[in-house]
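A short worksheet on the structure shown next.
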Amino acid sequence: AEPLKVGVAISVFDDNFLTALRTGMQTYADDINVELQVEDAKAEVGNQLNQIQNFIASGVDAIIVNPVDTDATISMSDDAAAAGIPLVYVNRQPINVDMLPDNQAFVASNEEDSGTLQTQEVCRLLGGKGKVVVMMGELSNQAAIQRTKDIHDVIATPECAGLEVVAEQTAKWSRTEGSDLMTNWISAGIEFDAVIANNDEMAIGAVQALKATGRTMDSVVIAGIDATPDALAAIRAGEIDVTVFQDAAGQGKGAVDTAIKLVNGEKIEQKVWVPFELVTPANFEKYMR
Amino acid sequence: MTTHTATAPVAPTPAQKKRLPQEFSILLVLFGIAAFFEVLGWFLVGQSFLGNMSRLQIIILQVSVIGIIAVGVTQVIITGGIDLSSGSVVAMSAMVAATFAQDANWPKIIHPALVDLPWFIPLMVGLAVGAAAGFVNGWLITKTRIPPFIATLGMMVSARGVARWYTDGSPVSGFTESFAMLGNGMGRWAPVVIFLVVAAVFHIVMRYTRFGKFTYAIGANPQAARVSGINIESHLIKVYMIAGLLAGLAAMVAIARIKTAQAGMGLMYELDAIAAAVIGGVSLSGGRGRITGTVIGALILGVMLSGFTFLRVDAYYQDIIKGAIIVVAVVVDIHRQGKRSKKT
Amino acid sequence: MTTHTATAPVAPTPAQKKRLPQEFSILLVLFGIAAFFEVLGWFLVGQSFLGNMSRLQIIILQVSVIGIIAVGVTQVIITGGIDLSSGSVVAMSAMVAATFAQDANWPKIIHPALVDLPWFIPLMVGLAVGAAAGFVNGWLITKTRIPPFIATLGMMVSARGVARWYTDGSPVSGFTESFAMLGNGMGRWAPVVIFLVVAAVFHIVMRYTRFGKFTYAIGANPQAARVSGINIESHLIKVYMIAGLLAGLAAMVAIARIKTAQAGMGLMYELDAIAAAVIGGVSLSGGRGRITGTVIGALILGVMLSGFTFLRVDAYYQDIIKGAIIVVAVVVDIHRQGKRSKKT
Amino acid sequence: MVNASQLEAVSPRGATPQVKPYEYVLEVVNARKEFPGVVALDNVSLRVRPGTVHALMGENGAGKSTLMKIIAGIYHPDAGEIRLRGEAVHLATPLAAQEAGIAMIHQELLLMNSMTVAENIWIRREPRNAFGLVNHARMHQMTTELFDRLNIHLDPDAEVSELSVANRQMVEIAKAVSFNSDVLIMDEPTSAITEKEVAHLFEIIRGLREQGIGIVYITHKMNELFEIADEFSVFRDGHYIATHPSSDVTRDDIIQMMVGREITQMFPKEEVELGDLVLSVQNLSLEGIFENISFDLRAGEILGFAGLVGSGRSNVAETLFGVTPATSGSIEIDGQAVSIKTSHDAIKLGMAFLTEDRKETGCFLPLDIQENAQMAVIHDDFVKYGFVQEARLEKACLEISQKLRVKTPNMHECIENLSGGNQQKVLIGRWLLTHPKILILDEPTRGIDVGAKSEIHSLITQLAHKGVAVIMISSEMPEVLGMSDRVVVMHEGHVTGILDRADANQVAVMDLASQ
Ligand SMILES: Nc1ncnc2c1ncn2[C@@H]1O[C@H](COP(=O)(O)OP(=O)(O)OP(=O)(O)O)[C@@H](O)[C@H]1O
Ligand SMILES: Nc1ncnc2c1ncn2[C@@H]1O[C@H](COP(=O)(O)OP(=O)(O)OP(=O)(O)O)[C@@H](O)[C@H]1O
Ligand SMILES: [Mg+2]
Ligand SMILES: [Mg+2]
């Protein structure tokens, strides 16, 4: 039979996590003989809408979207529904997640867990007490906002009430900016026991800056999210203490599976959660591939 | 000594040879690219590229926003300037105007007192914000004499900052139905209609009005323009204001179409708009170029985008090829126009 | 009728007044901005801005990469051209070279046969990739006569595509210790040293060699340069190749410093590099500007970045202010240089 | 001044005068060059003997510059041969021509404005030290030596952009001389300089001639011809007409050959009944540039402005026209005090201003002839509701360009492709379209051939007849003296005297001009 044709609109290729998601998706699709057409919106919402409409014009069987702007999903949903093409959102929660048409779904990990898992582990390592600096991702990004909120939520619980956030700034998900931000903090004389970063890249940047000033890695707890290969290597080197594995490939695979089910008219759960997993020096080897 | 009959020095050939318009060569490039996709389409996908109404619609639809911006940018380039701020001005106008376009049912309203306003209010706000940004650009360029590249680069960075700051980076959605018509009305053709009207108006302005003639004159030789009695300062300010206004209009069409405004919108639009103009034969050194060329340039970009998806070209290769096509389009155009650019 | 003593028709002031170097005014701008942060620092943060070695280091460190690119871009701008491709060329060189810089212990090796190579091999690869991209730019500009803006815009788009395509978008990490020294050696001063050496070399090249004179001549008046016997084509190709090579070098320093290479690297670096040059007094219309100016321009950008973080300025405001400072720096520079631009 | 022994010190190749095995140092045989739509040169030949000044004459657009550019390796001929010192050569690039011993002063100034005088002169030939680095001190010294030799007073380290047009012209001359070439081409070297510099240049040329250099000299100034040229060749419409020793012919013969008809009157000045006072300027000053300029101008009067280069004549004109508004002083037009802050103000008051530098402040090079001609008139005239009245305008432009005998196929030719003289006519047309009451002409016949020059002169006379008041700045003494009712003489930003036609003669003017 003709292989299924699925159009995939990724918000931005230049993102390590989304690259893992994308390659996971591609590998899986190749295995089960599904043809993917992957597009890069370059973080621009208008581009993405155009790509989806181009998919519709080309008559794909299903569309998978990793939205640039989770508010923009209504018109995407409308367009796909009007053309009768099934649509799956992946990784980023669309604003209309609770009113999706029948042949649409959402596959992701629940961001409420990521920051929570991460901060709880930091809290445990510090014994519930200490000064924390927070490196935020790009502020327009829902995950950055949610993960930062998670941190504050955990600190608001009685067990971790001894934690105090002494500085909180954005390093735009980037290693270079993370490193520069950390250097600036250090030179501003800010003291802290832990760094909680919204992702691993910024955490690695912080490590590099800290090492440069001669601070020993045992004296500070560093936490990231994503469990990228670089972060796992840093855990092995004793530099990063905590990260959270978000199953990128799992989300990609889940999105393809869900799309196929929708094409076949199967009844499915409209929200598919792929769980987060805590990664520490005790279990990191499991995640090294 | 050879003998010569004296001829009158002025000999306007009575039957002036009608030359092909400059845009002709770039139009051929457009057709060439379209034909290329058509042929490959039959071979690789077994489908017609152009014989598909919804694809034709999306081709024009997706260049409408860039096209509207490019019309304004074309004027700026003809004066010998450049506008790098368009993309950021789009974002800024979009964010500000969007907060006036929300309907009362939306969970995340920015100004609770200002909901369900008629559609033209956010539209006016968007245009005004764009024009204001353009005014600042023009003012800086004429009064402080900094190069347009720098003035608009500064605006590019600052306007993006304003866009982010305005709602703390959160997107704004939930527009009234009437406002959304700007991007979806007329059977979804509204953006295209707006684009074509804008292009037609400015085609006429540039070719048949004093304003247009002065714009070319300034780009061709600002000092001579000044001696000819043209008030360069006020004219340039107008030109940059129009460019800003059109960026604002583009923003309104874009957000009405996608029904959300986001601070990251319009990233790199300035480059696409400039590329459309230059592919269309507008000279970056000023004084040369036409709106029709820019429209064709924008269409080339649109055909490329759709064509790639149609042929299922990998996103990686898309960029590689897109870069090459921009170059080739301009090369072909220059070589067809040939003679004019022969000078060292 | 007033009486006048007869003077020689042309009057060169006998005692030639030694003029201040052009960079003087922009140096004042740099000091002004630094002083501004210093004062605000004491008021708002209760700390010295400059009296902190590690901050001074990071200021220079974070501009090193942009600075190296900007040196190459400065040459290009002096010829009257522009290079929009630097950021993408950084990404492309980084990706390609990085796959030759991995050590054997890394879990995701790209070429398993090519690990633990000596540091200069990836370095050479990176430089070669950059120079090749520059060569293509120069070749396109001189042989097909397309404007530099278009040639390098095409390269910007294409090179980014190549960078993504090369490893399917996945980042490359796990560099050998020896390679990482390029970005971390000499007590982390390596990037700064490389930057300053590059700047010094090209300062000499531009001022004291024929190569430099030709570069200025081409930018000042290409026709005059041509009739003076300069081979514009071959010279421009060299200039663009050097710009590409330096982008490649910047890429090597950048990835060695952050120990990873990503396809998204270097985004917008071209604009920062151009901004550094123009802030430093390099004229976009060609023929004017110096490497020292560019270095100061880069430092202004670096001071701004650090200053904002130091004062804990909100990211939103950072952009707004950064845009304004770029403009103000150039305005101040132009007004201090004053007379030269008096002509209408 | 310059003498041969001084020049001997830095003598060119082949310095020792010896029997030369060739008669002509430069020969062009049957050259042809076609541009899209124009045959610029058709089967022309030119032979230049060493040690002579060979003048090349012809109307605007005759193909003189084109041939020179071929000799200098800038253009490639479609057919024909070039022989240097008797041998056929192929000059593929300007560099090849330079190396073959050809130097050229270009008609349009070709200097690198943002570089210094010294850098301009020695570009590609910079002295270098042991490390291969440019030796600036030596370069400065070489420039000073060159300038001393040529008696030029310029700062070698000055930026060219700071120099006046005349001084830039001198830099070009010095640069060309510095090559010590066998063939020196001078394409209208005197178009931007006054009599004094011209005399000086002729000294230089005579020195070079003594050294055996073959000089090709192009000019439209007939009076220069007999002073300096040994031989001359005439081109017309891209064709070779004739070559003669200058002793054999009269000036009228040459004009006859160039134009193909006779031009009886060079300066057709006619007595015109002067009308009312139109313009009255009192104590006009522009700080640092000129001071206390006062003069009156009547309808139908032609007021000449004479002075040395840099005396401030152009600056006064620019100020009158609002390009650089005055810092003090008053201007009255028709008895009304007026304030002229911009050129637009001036145009509205019925003024028109032909600037001296075609390329910098005159032409819109990328635009066509009509667009160039119409630019000053579409402020109010020819405009309805902001729309330009194309048809009316085209007719008017065509009319004026026919009247001025602009040589072009049609109104939509790009002005860039016209010869300099024809460009000048289009610019005059631009201002005539505005029907000015006061017409300011700054070097109106610069670079214009005799035929066109006399046309322009009779046009000026006609305008005067119609009651137009004319201010004419000119560095060509016969022109000022021949055309003016009165002559204002300027020196270093001051008016040193106003002479009536009867009192105005060469000596009187030069006296006032150099004080
Ligand atoms: N680059 C060009 N493209 C097209 N036509 C040209 C070009 N250069 C010159 N021409 C045409 O060739 C002819 C000869 O021009 P040229 O400049 O040689 O004249 P000229 O004798 O030097 O005139 P002038 O005295 O005005 O300088 C003219 O008709 C001119 O329009
Ligand atoms: N923009 C300017 N800035 C400074 N000095 C200037 C400027 N323009 C002209 N000058 C100087 O003013 C003086 C008068 O120049 P102007 O061009 O008016 O003289 P001119 O008598 O018309 O001579 P020319 O025959 O060269 O046109 C010159 O010394 C010139 O260098
Ligand atoms: Mg000529
Ligand atoms: Mg003058």
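From first to last, the protein sequence lines stand for chains A, B, C and D. Counted the way this note's numbering counts, the first sequence spans residues 1 to 289. Counted the way this note's numbering counts, the second sequence spans residues 290 to 633. Counted the way this note's numbering counts, the third sequence spans residues 634 to 977. Counted the way this note's numbering counts, the fourth sequence spans residues 978 to 1492. Idealized CB from N, CA, C, for every residue including glycine. Quick caveat, the model's predicted, so the values are computed rather than measured.
Residue-chain proximity (residue i, chain B), Cβ-Cβ < 8 angstroms
| i | result |
| --- | --- |
| M1235 (chain D) | no |
| G956 (chain C) | yes |
| S1320 (chain D) | yes |
| L50 (chain A) | Per the sequence shown, the amino acid found at residue 50 (chain A) is Asn instead of Leu. Cβ-Cβ to chain B under 8 angstroms: yes for N50 (chain A). |
| M1147 (chain D) | no |
C-alpha gap between residue i and residue j, whole angstroms
| i | j | result |
| --- | --- | --- |
| S174 (chain A) | G265 (chain A) | 41 angstroms |
| L588 (chain B) | A417 (chain B) | 28 angstroms |
| W185 (chain A) | W675 (chain C) | 16 angstroms |
| V360 (chain B) | I699 (chain C) | 33 angstroms |
| N1037 (chain D) | R1423 (chain D) | 11 angstroms |
| A1095 (chain D) | L1018 (chain D) | 36 angstroms |
| T925 (chain C) | A832 (chain C) | 8 angstroms |
| I1059 (chain D) | A1008 (chain D) | 8 angstroms |
| A1479 (chain D) | R1183 (chain D) | 35 angstroms |
| Q1351 (chain D) | E312 (chain B) | 24 angstroms |
| R453 (chain B) | Q1146 (chain D) | 56 angstroms |
| I196 (chain A) | V274 (chain A) | 23 angstroms |
| E159 (chain A) | A188 (chain A) | 30 angstroms |
| Q551 (chain B) | E285 (chain A) | 40 angstroms |
| E1139 (chain D) | I1098 (chain D) | 16 angstroms |
Contact with chain A by residue i, beta-carbon distance below 8 angstroms
| i | result |
| --- | --- |
| M554 (chain B) | yes |
| T848 (chain C) | no |
| I347 (chain B) | yes |
| N394 (chain B) | no |
Classification of residue i by the beta-carbon crowding that lies within 10 angstroms, buried from 16 upward
| i | result |
| --- | --- |
| I493 (chain B) | exposed |
| M728 (chain C) | buried |
| A1176 (chain D) | exposed |
| Y1194 (chain D) | buried |
| F943 (chain C) | buried |
| N33 (chain A) | exposed |
Any chain C beta carbon closer than 8 angstroms to residue i
| i | result |
| --- | --- |
| H1053 (chain D) | no |
| N141 (chain A) | no |
| Q1400 (chain D) | no |
is_contact[residue i, chain D] using C-beta, thresh 8 angstroms
| i | result |
| --- | --- |
| P645 (chain C) | Model confidence at P645 (chain C) stands at a pLDDT of 39, short of 50, so the residue's coordinates are unreliable; what they give is reported in the following sentence. By this cut-off, P645 (chain C) is an interface position. |
Near-chain B residues of the segment 780-803 of chain C (beta-carbon distance less than 8 angstroms), N- to C-terminal order: P780, F782, I783, A784, L786, G787, M788, M789, V790, S791, A792, R793, G794, V795, R797, W798, D801 and G802
Near ligand 3, which residues have their beta-carbon closer than 7 angstroms to a heavy atom? Per the Cβ criterion, the list is D:K1041, D:S1042, D:Q1084, D:D1164, D:E1165, D:I1195, D:S1396 and D:G1397.
At a CB distance below 7 angstroms, what residues from the segment 5-20 of chain A approach chain B? Give them in sequence order. Using a CB distance below 7 angstroms, the part of the segment 5-20 of chain A facing chain B consists of F13, ordered along the chain.
Chain B contacts made by the segment 893-921 of chain C, where a contact means CB separation under 7 angstroms: From the segment 893-921 of chain C, only L904, A908, V911 and L917 have a Cβ closer than 7 angstroms to chain B.
When Cβ atoms are compared, which residues of the segment 768-780 of chain C fall closer than 7 angstroms to chain B? L773, T777, R778, I779 and P780
Tell me which residues of the segment 82-98 of chain A have at least one Cβ-Cβ distance to chain C shorter than 7 angstroms, keeping chain order. none
Name, going along the chain, the residues of the segment 852-863 of chain C whose beta-carbon falls closer than 9 angstroms to a beta-carbon of chain D. G852, A853, N854, Q856, A857, A858, R859, V860, S861, G862 and I863
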